[in-house]
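Each step along the sequence shown adds one to the number in our numbering, with nothing skipped, and position 93 is 275. All C-beta atoms in this analysis are idealised placements derived from N, C-alpha and C, irrespective of residue type, glycine included. Scroll down for the structure; my scribbles are underneath it.
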Amino acid sequence: MRGAVIELLEKTLQENSLSSEDLISILLTATPDLKCEFPAVGVRIFGLTDVPLICAQEIDVADALPLTIRMLIHAESELSRAEIKHQYLRGAQVLRPDLERSSASESDSAQ
């Protein structure tokens with residue numbers, strides 16, 4: 183789990199030009215099938231020791247995507263809501279097909 187959390191955190195910070203100084207707090211959730219440790223452990227290993235963290239368990243919904251970690255970052259940023267680049271890794275893109283369609287539309291209009 184640590185590796186997945188660190189990967190998601192790194193990608194989110196990089197894609198949104200965020201530094202640790204921009205972070206206010208992070209909420210992490212895990213699906214009920216993930217029981218090895220709190221997702222926050224990965225964030226602490228990454229080096230964010232002064233950012234408030236909280237973990238919660240996702241609702242146990244039938245046919246939900248298993249082995250899923252979600253991260254909600256509260257941060258100070260100059261980006262508008264439309265400019266924020268949400269990250270869905272390791273097959274989690276199926277959770278937000280609308281974001282994939284909007285990315286494809288933007289690519290088409292840029293050509």
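If you reduce the DSSP assignment to three classes, tell me which class residue i lands in.
i      : result
Ser207 : strand
Ile236 : strand
Ile251 : strand
Ala222 : helix
Got a sec? Which residues, its chain only, sit under 6 Å from residue i by beta carbon, not counting five neighbours each side?
i      : result
Ile236 : Leu209
Ala238 : Thr211
Whose C-beta lies closer than 8 Å to the C-beta of residue i among residues of the same chain, with five residues either side of it excluded?
i      : result
Gly185 : Gly224
Leu314 : One cannot answer for residue 314 here, as it falls past the ends of the chain, which runs 183 to 293.
Cys218 : Met183
What's the C-alpha gap between residue i and residue j?
i      : j      : result
Thr231 : Ile251 : 20 Å
His256 : Ser202 : 11 Å
Asp245 : Ala264 : 30 Å
Leu154 : Pro221 : With the chain represented from 183 up to 293, any question about residue 154 goes unanswered, as that position is not in the structure.
For the beta strand (DSSP E) containing residue i, list its first residue and its last residue.
i      : result
Ile188 : No beta strand (DSSP E) contains Ile188, which is instead part of the alpha helix (DSSP H) from Arg184 to Glu197.
Under the criterion of a Cβ to heavy atom distance below 7 Å, does residue i qualify as lining the ligand NAP?
i      : result
Thr213 : The ligand NAP is not part of this structure, which contains no ligands at all.
Verify whether the separation of the beta carbon atoms of residue i and residue j is less than 8 Å.
i      : j      : result
Leu261 : Val233 : no
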